[in-house]
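Everything below concerns the one structure shown next.
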Amino acid sequence: MPEAPNPEASDAGTTAAPPRVFSGIQPTADSFHLGNYLGALRQWVAMQDTHEAFYCVVDLHAITVEQDPAQLRRRTKVAAAQLFAMGVDPARATVFVQSHVPEHAELAWILGCLTGFGEAGRMTQFKDKSSKQGTSGTSVGLFTYPILQAADILLYTPEPVAGRPLRVPVGEDQRQHLELTRTLAQRFNHRFGETFVLPDAHIPEGAAKITDLQEPAAKMSKSASSPQGIIDVLEEPGPMRKKIMRAVTDTGTEVVYDEEKKAGVTNLLRIYSALEGTSIPDLEARYKGSGYGQFKKDLAQVVLDTFTPIRERTLKLLDDEEHLERLLAQGAGRASEVAVRTMETVRERVGFVGRGR
Ligand code: ATP
Ligand code: LTN
């Protein structure tokens, strides 16, 4: 029987370039939270070992809802500093700020002209957010948000010759935006000739979905969780410990995994397991008969051991803004090299007249 082709081996013997990864996160909070870390950012750090990585702080996306300018500037820097502090290595990964690479907005315009009005209106995240804010509080930018996301991604799809996939690690909630990105890439290729390689969503299976400490049925979220329900990466140790000790459990005493009957304990078990790398059955066995108090106390220590060094490194990076700005300028330079080349091709294919020299 002929062997099935192995896509991973397709460039073996040529340049053997690693696949690319691209992802983005919005600078819309003073700190990332535990859900962001376990659900997304930890994967970013791991993927830089096996991929050519591009990670973007998406400030253009952030202004789809009203932002205070000074706060946005600060949060953009804090977001980047946290990425470096978590272990994203500027020598290997390209970390940059979206607005530093204007090609993102330019490609978004072109893709917007290929997107149907109804198609954009079917995006569930837009429907959710706009129904909460009402039509007068909803910007056109929020409506076209997924098109800008498609542009972010497609700028970095390598030339078709390399045949390398671009992997996009995101949470389940972004699946529809990734589908739109693939549709727009296909539509562009069909209309103007093969230009973009279709990106693959990389939705880690069973990626820790972290819930609110006070409302264990709801997702931990910077916009919806109460301060007591959310653990910020940059939180001071004292309040962090307190929040875990006060996390909602139930009237029982058994530390066992049961999503329906024990949502609170189950969430804490997931966090513990993901941070320490111990399986849930092993944790259940370790805490058999010992009650919630000891379990929470130990979990608080595990959370502190993870986040204290990240917090300290973040604060140190923020102390030297010039250095941080240099790192981001370097990242923008590397991202531009790719983005500028992609846009030259795109402009030519679409039929824009070249500027000459
Ligand atoms: P918002 O409340 O504004 O929707 P958020 O707190 O949900 O924000 P996002 O900025 O939407 O965070 O997400 C950034 C990344 O973190 C995404 O990849 C998302 O899938 C992941 N993420 C966010 N919250 C969680 C969570 N509770 N559990 C696991 N992953 C999460
Ligand atoms: N919409 C994403 C953030 C985001 C993104 C991207 C993720 C903007 N551009 C490109 C992956 C690739 C979110 O809310 N998590």
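For the sequence shown, my numbering begins at 1042 and goes up steadily by one. Beta carbons are placed, not taken as given, at the ideal position from N, Cα and C, and that holds for glycine.
With fewer than 16 other beta carbons inside 10 angstroms of its own, residue 1265 counts as exposed. The Cβ atoms of residue 1148 and residue 1101 lie no closer than 7 Å to each other. Burial is judged here by how many other beta carbons sit within 10 angstroms of a residue's own beta carbon; residue 1215 has at least 16 and is buried. Across the set 1311, 1298, 1315 and 1236, the C-alpha of 1236 shows the shortest separation from the C-alpha of residue 1387.
Shown here, residue 1207 sits in a strand according to DSSP, grouped into three states. With 16 or more neighbouring CB atoms inside 10 Å of its own CB, residue 1240 falls in the buried class.
About 7 Å separates the beta carbons of residue 1069 and residue 1116, which is inside the 8 Å limit, making them a contact pair.
In the assembly as shown, residue 1336 is a buried residue. Its beta-carbon has 16 or more other beta-carbons within 10 Å. Boundaries of the alpha helix (DSSP H) harbouring residue 1346: 1332-1360, taken from the DSSP string. At least one heavy atom of the ligand ATP lies less than 6 Å from the C-beta of residue 1077. Boundaries of the alpha helix (DSSP H) around residue 1172: 1165-1174. Residue burial is scored here from C-beta neighbours: residue 1305 has at least 16 other C-beta atoms within 10 angstroms and is therefore classed as buried. If you ignore the 5 residues before and after residue 1151, its C-beta comes within less than 7 Å of the C-beta of 1387 and 1391, all in its own chain and listed in chain order. Scanning the stretch 1293-1320 from its first residue to its last, the whole alpha helix (DSSP H) runs of 4-plus residues come out as 1304-1317. Using a Cβ distance threshold of 7 Å, residue 1282 and residue 1243 do not count as a contacting pair.
In summary, residue 1125 is buried, with 16 or more beta-carbon neighbours lying within 10 Å of its beta-carbon over all protein chains present.
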